[in-house]
Amino acid sequence: MASETTRQPGVTRRMWRWLWSPTARFGWGVIFVAGGIAGVMLWGGFNWAMQASNSPEFCLSCHEMADNVGEEWMRSTHYNNPSGVRATCADCHVPKDWFPKVVRKIKASRELYGHFTGVIDTPEKFRAHRAEMAERVWAEMTASDSQECRNCHSEHAMNFEEQSARSREKMVPGIEEGKTCIECHKGIAHRLPPRDD
Ligand code: HEC
Ligand code: HEC
Ligand code: HEC
Ligand code: HEC
4 MASETTRQPG VTRRMWRWLW SPTARFGWGV IFVAGGIAGV MLWGGFNWAM
54 QASNSPEFCL SCHEMADNVG EEWMRSTHYN NPSGVRATCA DCHVPKDWFP
104 KVVRKIKASR ELYGHFTGVI DTPEKFRAHR AEMAERVWAE MTASDSQECR
154 NCHSEHAMNF EEQSARSREK MVPGIEEGKT CIECHKGIAH RLPPRDD
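Residue numbering for the sequence shown is 4 to 200, as defined by the numbering used here.
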């Protein structure tokens, strides 16, 4: 008991001194500046990684192995169209806003895990797993009220008069009823998964 109380101040004082002059050579000023620079570089690196991991090349580095999705996309209107506006993988699958984007990147840890356990590494496995993956995408796009689509398409900017009669007749009442894009527009960039019903 007695020895504890006598030792305590000594330790505290030593820690205090260490905190204020961590090394003989550098004072806190130098360390704060170095820390600041490292922080900025880490932040930049983080955002760079967020950006780089949004490129179709990055997505296809994994998703091409199981053929399909990339090639299907390249045959779709969203790859090539009269307006020359291309929707990339990330446009439809990664949110634009910073926070939801980070959440999506963290969720991608399932993809990393699936990659190393080989859930979709052959066309056969891919086909067998496809419906489950599509269901997940539909659920996400329903929950987001198809925000991914609305980043480019807006019903307020649609000239329904210029659309085909079928588009107009289905979409005007559908949107009024509060239906969201993905409810009616599945399979706009890929082939639909095989259905058993
Ligand atoms: C490291 C390899 C890898 C990379 C890179 C990758 N994916 Fe995946 N992805 C997978 C695997 C494996 C699955 C299947 C995961 C499962 O179902 O367990 C998957 C599943 C998906 C799904 C199905 C739905 C879901 O949430 O699981 C979508 C959509 C998807 N990836 C899109 C993308 C996009 C877009 C990119 C680029 C931004 C991308 N992936 C990059 C390996 C990868
Ligand atoms: C990056 C912008 C962008 C995103 C994101 C996007 N689209 Fe498109 N979409 C386009 C462009 C550009 C066209 C072609 C317009 C033209 O014909 O010139 C198009 C065409 C279409 C068409 C008509 C042609 C077809 O393939 O049937 C539909 C339907 C459509 N988009 C639905 C959707 C849905 C649903 C989503 C969300 C899952 C979505 N789009 C996401 C830009 C986008
Ligand atoms: C109630 C169902 C329904 C809803 C909801 C709906 N659409 Fe459509 N849309 C259709 C149908 C049906 C067509 C006709 C073409 C087709 O069969 O795919 C169409 C056509 C289109 C076209 C092509 C228009 C043309 O004729 O040039 C685009 C682009 C489009 N939809 C985008 C969207 C977007 C974006 C949303 C969400 C804001 C949306 N749609 C919501 C049913 C719907
Ligand atoms: C215009 C929007 C759009 C673009 C661009 C797009 N996807 Fe998708 N993706 C979807 C939708 C919607 C689904 C849900 C299934 C469906 O309706 O086809 C989906 C489903 C998937 C799935 C699950 C398996 C399946 O086929 O259902 C994977 C994996 C995937 N996308 C990867 C990609 C990759 C990789 C790219 C780029 C090469 C890409 N997507 C481009 C809209 C898009």
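Ideal Cβ placement from N, Cα and C applies to all residues, glycine included.
Taking the alpha carbon of residue i as the point to measure from, which residue in the options has its own alpha carbon closest?
i: S149; options: P98, N84, A37; result: P98
i: P126; options: V72, K182, C95, C152; result: V72
i: R133; options: M77, I178, G190; result: G190
i: M136; options: E114, C155, R16, H156; result: E114
i: W101; options: E60, M53, P176; result: M53
i: K110; options: A131, F129, R130, E143; result: E143
i: R107; options: T80, E151, S79; result: E151
Quick check: is any heavy atom of ligand 1 less than 7 Å from the C-beta of residue i?
i: S64; result: yes
i: F61; result: yes
i: V106; result: no
i: M53; result: no
i: E114; result: yes
i: I123; result: yes
i: H81; result: no
Does the Cβ of residue i have 16 or more other Cβ atoms within 10 Å, making it buried, or fewer, making it exposed?
i: L195; result: exposed
i: Y116; result: exposed
i: I40; result: exposed
i: M4; result: For M4, the pLDDT reaches just 48, beneath the cut-off of 50, and the residue's location in the model is therefore unreliable, although a value from the coordinates is still provided. Exposed, since its Cβ has fewer than 16 Cβ neighbours within 10 Å.
i: W76; result: buried
i: E172; result: exposed
i: A168; result: exposed
Could you tell me whether any non-hydrogen atom of ligand 4 is closer than 7 Å to the CB of residue i?
i: T91; result: yes
i: R73; result: The residue you asked about is not Arg; residue 73 is Gly in the sequence shown. Within the cutoff, so yes.
i: W141; result: yes
i: I195; result: Per the sequence shown, residue 195 should be read as Leu rather than Ile. Yes, since a heavy atom of ligand 4 falls inside the 7 Å radius drawn around the Cβ of L195.
i: G190; result: yes
i: M136; result: yes
i: M144; result: yes
i: R130; result: no
i: R78; result: no
i: H96; result: yes
Going by the beta-carbon positions, is the gap between residue i and residue j smaller than 8 Å?
i: C95; j: A192; result: yes
i: E158; j: I178; result: yes
i: T183; j: T145; result: yes
i: C187; j: A90; result: no
i: F49; j: A55; result: no
Is it the case that the CB of residue i approaches a heavy atom of ligand 2 more closely than 7 Å?
i: V88; result: yes
i: S56; result: no
i: P85; result: yes
i: S149; result: yes
Could one say the Cβ of residue i lies closer than 8 Å to chain B's Cβ atoms, at least one of them?
i: M174; result: The chain inventory of the structure shown lacks chain B, comprising one protein chain alone.
**OP:** Please specify which runs of the alpha helix (DSSP H), each continuous and at least 4 residues long, are wholly inside the stretch 61-94, giving them in chain order.
**Re:** Here the runs fully enclosed are 72-77.
Subject >> Lining residues of ligand 6 - beta-carbon closer than 5 Å to any non-hydrogen atom, in sequence order >> reply: Although ligand 6 was asked about, the structure shown includes only ligand 1, ligand 2, ligand 3 and ligand 4 as ligands.
**OP:** Please specify which runs of the alpha helix (DSSP H), each continuous and at least 4 residues long, are wholly inside the stretch 126-198, giving them in chain order.
**Re:** Every unbroken stretch of the alpha helix (DSSP H) spanning 4 or more residues and falling wholly within the stretch 126-198 is given here in chain order: 126-146, 150-153, 168-179, 184-187.
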